[in-house]
Amino acid sequence: MPDPIDVEVKKHSEDSIQRELWGTRVGFILAAVGSAVGLGNMWRFPYRVSEGGGAAFVVLYIALTLIMGIPLMLAEFSVGRRTRLSPIGAFKKEGGGGWSIVGFLGVLTGFLILSYYSVIAGWVIRYGIEGIISGFAADPAAHFGEITTGIAPIIYHLAFMAVTITIVSVGVEKGIEKASLILMPVLFAIVLGLAVWAFTLPGSDAGYSFYLAPSLSELMSFTTLSEAAGQAFFSLSLGMGAMLTFASYLSKHENLNREAATIAASDFGVAFTAGLVVFPVIAALGLTADVGESTVGALFIALPGAFVEMGAIGRVVGIAFFFALTVGAVTSAVSLLEVVTASAIDEFKIHRKSAAIGAGIIITLVGVLPALNLNALGLIDRITEWFLALGALGVTLFVGWRMRNPQEEMLDGASGFFASIVPAVLFFIRFIMPLIIIPVIIYTGLNLVTEFRTVFG
Ligand code: PFF
């Protein structure tokens, strides 16, 4: 009996474009979880929760991860695996030329997200290095201000981009699978340990109630819903073709439904646990006012504060935390650059190395702006969140109404419960998801206009 993966490779090499495939199922899951779990869970989730009303945001976020995140991930998986192409080519092949705009938008979004994602990853690296050299600063809010100003953020951004470009140049299997294998579980273990420690802190109650006790009126707020939707897309790496691209390296034997559920559950678990660290710590250490002033810094203000509080052991835990988070950021950044690179390879038939280096250099240059200016960083983050929602609508409409027999692709490799829910999921993709995503797009778009006015007005 030939190995199924060999058969796939052979079959595939008869196609016009030869495509690499994942070495193992675990490799694919790790890379997809690596893409999902990153700064979005640790930095962006607490930041958005602080801004967006606390517990109500969390409840809506959970609901949206389940009802929109998992179906959308399945949708992206099925387009990627069916076409075995990166976003632009995939939508063109399966839907016709006009649909390639969804792919173009995805590539642009990946490009823009990476430009500022790398800046934040640079802050993370700097915290880690400072932890080693001099320990964590006693006044975390003031120190966050120092970390994010001047020329230094550009240097760290360059260093982070250099690592990302190197990994993507090497290729999906060798580069990505191995990096995720050990360090994702380490990151989760540290965050879990910190959550248990935070529970023992006196004065943490206010943090728990902010994070976990929603008020009904806030639950009904459409603002909170829209922001939670944006965070769900970002955190699950959806709406720009990252999951689609990863699935294009996947064989027909994988149970796409089960993988989507596993990835979403892991991603949610990490973000939720990060909140169980950040909010109790903010309350217990009296950092509420500082974080209120700079919600972007919620993680960066709360955690170093906690590490200082923990004494000598805090320094070791802190260094390990920032190191593991750097790896989490690398695996996500790799998936962002992979979308752009794979598209360049597929569209222009150029080598992986040239594609990764060329795209990486342009992204690095664009990233100098958010590295120098926090307002610019916030604005690009908002713009790309809107792009993700547009992309999510594109994928939803495509799979719901344009793709030939999406059910067949979703069922390939699925069995039992995961196969039985496919018709319901497809119904949901067709009829319900557009009804949620379209208002989110309109609402987020209007907010974006207001944001532009405040930044430039
Ligand atoms: N999901 C990543 C995170 O939460 O850090 C960020 C990200 C990666 C967003 C890849 C979008 C994407 F396509």
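Residue numbering for the sequence shown follows my numbering, starting at -9 and increasing by one per position. C-beta: ideal position from N, C-alpha, C; glycine also.
For this session: Go through its chain and collect everything with a Cβ distance to Val260's Cβ below 8 angstroms, but skip five positions before and after it.
Result: Reading the sequence shown from its first residue, position 270 is the one you call residue 260. Within the same chain, Val260 has close Cβ partners Val27, Asn31, Met32, Leu177, Phe178 and Val181.
For this session: Output the residues surrounding the ligand ATP, defined as those with a CB atom closer than 6 angstroms to any ligand heavy atom, in chain order.
Result: Questions concerning the ligand ATP fall outside what the structure shown contains, since the ligands it does hold are the ligand PFF.
For this session: Tell me where the alpha helix (DSSP H) around Ser199 begins and ends.
Result: As a first step, residue 199 is located in the sequence shown; it is residue number 209 there, counting from the start. From DSSP, the alpha helix (DSSP H) with Ser199 extends over Asp195 to Leu202.
Exercise. Hey, quick one: how far does the alpha helix (DSSP H) through Thr214 stretch, first residue to last?
Worked result: Working through the sequence shown from its first residue, we reach residue 214 at position 224. In the DSSP assignment, Thr214 falls within the alpha helix (DSSP H) that extends over Phe212 to Ser225.
For this session: Only counting runs of 4 or more residues, tell me where the alpha helix (DSSP H) segments fall wholly within the region 45 to 69, in order along the chain.
Result: 45 to 54
Exercise. Hey, out of Thr156, Arg116, Gly121 and Val158, whose CA is closest to His147's CA?
Worked result: Your numbering for residue 147 matches position 157 in the sequence shown. By alpha-carbon distance to His147, the top candidate from Thr156, Arg116, Gly121 and Val158 is Arg116.
Problem set entry | Contacting residues, own chain, Cβ-Cβ under 8 angstroms from Val412 (five flanking each side not counted) | Here residue 412 refers to the residue found at position 422 of the sequence shown. So the list reads Asn247, Gln397, Met400, Leu401 and Ala404, once near-sequence residues are dropped.
Exercise. So what does DSSP say about Ala21, is it helix, strand or coil?
Worked result: Sequence index remark: in the sequence shown, residue 21 carries index 31 (1-based). Residue state, collapsed to three classes: helix.
Exercise. How many whole angstroms separate the CB atoms of Ser25 and Ala361, which I take to be in contact at a CB cut-off of 8 angstroms?
Worked result: In the sequence shown, residue 25 corresponds to position 35, counting from 1. In the sequence shown, residue 361 corresponds to position 371, counting from 1. Actually they are not in contact, since the Cβ atoms of Ser25 and Ala361 sit about 23 angstroms apart, beyond 8 angstroms.
Problem set entry | 8 angstroms Cβ cutoff met for Ile353 and Leu383 | For the purposes of this step, residue 353 is taken as residue 363 along the sequence shown, with counting starting at 1. For the purposes of this step, residue 383 is taken as residue 393 along the sequence shown, with counting starting at 1. The answer is no: Cβ separation not under 8 angstroms.
Exercise. Where does Phe446 fall in DSSP's three states?
Worked result: Here residue 446 refers to the residue found at position 456 of the sequence shown. Correct three-state label for Phe446: helix.
Exercise. Beta-carbon separation of Ser216 and Tyr51 under 8 angstroms?
Worked result: Here residue 216 corresponds to residue number 226 of the sequence shown, with the count starting at 1. Here residue 51 corresponds to residue number 61 of the sequence shown, with the count starting at 1. No. Outside cutoff.
Exercise. When the Cα atoms are used, what is the spatial distance from Leu226 to Glu136?
Worked result: Mapped onto the sequence shown, residue 226 falls at position 236. Mapped onto the sequence shown, residue 136 falls at position 146. Rounded to whole angstroms, Leu226 to Glu136 spans 31 angstroms at the Cα level.
Problem set entry | 4 or more residues per run - each alpha helix (DSSP H) lying fully within the region 120 to 159 | 130 to 137
Exercise. Gly161 by DSSP, collapsed to three states: which one?
Worked result: Here residue 161 corresponds to residue number 171 of the sequence shown, with the count starting at 1. In the structure shown, Gly161 sits in coil (DSSP, three-state: anything other than H, G, I, E or B).
Exercise. How should Thr55 be labelled, buried or exposed, when 16 other C-beta atoms within 10 angstroms of its C-beta is the threshold for buried?
Worked result: Numbered from 1 along the sequence shown, position 65 holds the residue referred to as residue 55. Classification for Thr55: buried.
Exercise. Considering only C-alpha positions, which residue in the set Leu367, Gly59, Lys82 and Ala292 is nearest to Val69?
Worked result: Sequence index remark: in the sequence shown, residue 69 carries index 79 (1-based). Checked all of Leu367, Gly59, Lys82 and Ala292; the closest Cα to Val69 is Lys82.
Problem set entry | Sequence-distant residues of the same chain with beta carbon closer than 8 angstroms to Pro(-6), five excluded per side | For the purposes of this step, residue -6 is taken as residue 4 along the sequence shown, with counting starting at 1. Its pLDDT being 41, under 50, Pro(-6) is placed unreliably by the model, and nothing is read from it.
For this session: Could you check the C-alpha separation between Ala152 and Gly86 for me, to the nearest Å?
Result: Taking the first residue of the sequence shown as position 1, residue 152 is located at position 162. Taking the first residue of the sequence shown as position 1, residue 86 is located at position 96. Per the coordinates, the alpha-carbon of Ala152 lies some 36 angstroms from the alpha-carbon of Gly86.
For this session: Please decide whether Gly112 counts as near chain B, where near means a Cβ-Cβ distance under 8 angstroms.
Result: Considering every chain present, this structure includes no chain B. It has just one protein chain.
Problem set entry | For Ile431 and Leu425, the rounded distance between their alpha carbons | Counting from 1 along the sequence shown, the entry for residue 425 is found at position 435. Counting from 1 along the sequence shown, the entry for residue 431 is found at position 441. Distance between the alpha carbons of Leu425 and Ile431 is about 11 angstroms.
For this session: State the DSSP-derived secondary structure class of Glu244, mapped to helix, strand or coil.
Result: Locating residue 244 in the sequence shown gives position 254, where the first residue counts as 1. Here Glu244 sits in coil by DSSP.
Problem set entry | Own chain, CB closer than 6 angstroms to Lys0, minus 5 neighbours either side, in chain order | As a first step, residue 0 must be located in the sequence shown, where it is residue number 10. Residue confidence for Lys0 is low, a pLDDT of 37 falling below 50, so the modelled location carries little weight; the figure read from the coordinates is stated next. Cβ neighbours of Lys0 beyond the five flanking positions: none.
For this session: Kindly indicate which three-state DSSP category Leu277 falls into: helix, strand or coil?
Result: What you label residue 277 is simply residue 287 of the sequence shown in a count that begins at 1. Coil, per DSSP.
Exercise. Alpha helix (DSSP H) containing Phe408: first to last residue?
Worked result: The residue labelled residue 408 in the question sits at position 418 within the sequence shown. Where Phe408 is concerned, the enclosing alpha helix (DSSP H) stretches over Gly406 to Ser410.
Exercise. How big is the Cα-Cα spacing for Ile370 and Leu171?
Worked result: Within the sequence shown, the letter at position 380 stands for residue 370. Within the sequence shown, the letter at position 181 stands for residue 171. About 31 angstroms.
Problem set entry | Start-to-end residues for the alpha helix (DSSP H) that takes in Trp89 | For the purposes of this step, residue 89 is taken as residue 99 along the sequence shown, with counting starting at 1. Looking at the DSSP string, Trp89 is not in any alpha helix (DSSP H), and its letter there is neither H nor E.
Problem set entry | Pick from Leu378, Phe417 and Val358 that is closest to Gly140, judged by C-alpha positions | Counting from one through the sequence shown, the residue named residue 140 turns up at place 150. Of the candidates Leu378, Phe417 and Val358, the one whose C-alpha sits nearest the C-alpha of Gly140 is Val358.
For this session: Compare the C-alpha of Lys339 against each of Gly79, Gly17 and Gly59 and name the closest.
Result: Reading the sequence shown from its first residue, position 349 is the one you call residue 339. The shortest Cα separation from Lys339 among Gly79, Gly17 and Gly59 belongs to Gly79.
For this session: Take Ala46 and list the residues in its own chain whose beta-carbon comes closer than 6 angstroms to its own, dropping the five residues that flank it on each side.
Result: Counted from its first residue, the sequence shown places residue 46 at position 56. Closer than 6 angstroms at Cβ, skipping near neighbours: Pro204, Glu208, Leu209 and Thr214.
For this session: Please name the residue, chosen from Leu289, Gly118, Ser284 and Phe101, that lies closest to Pro270 on a Cα-to-Cα basis.
Result: As a position in the sequence shown, residue 270 is number 280, starting the count at 1. In terms of Cα proximity to Pro270, the closest of Leu289, Gly118, Ser284 and Phe101 is Leu289.
Exercise. Using a Cβ-Cβ cut-off of 7 angstroms (strictly less than) and excluding sequence neighbours within five positions of Gln221, which residues of its own chain qualify?
Worked result: What you label residue 221 is simply residue 231 of the sequence shown in a count that begins at 1. Contacts found: Arg34, Phe35, Arg38 and Tyr51.
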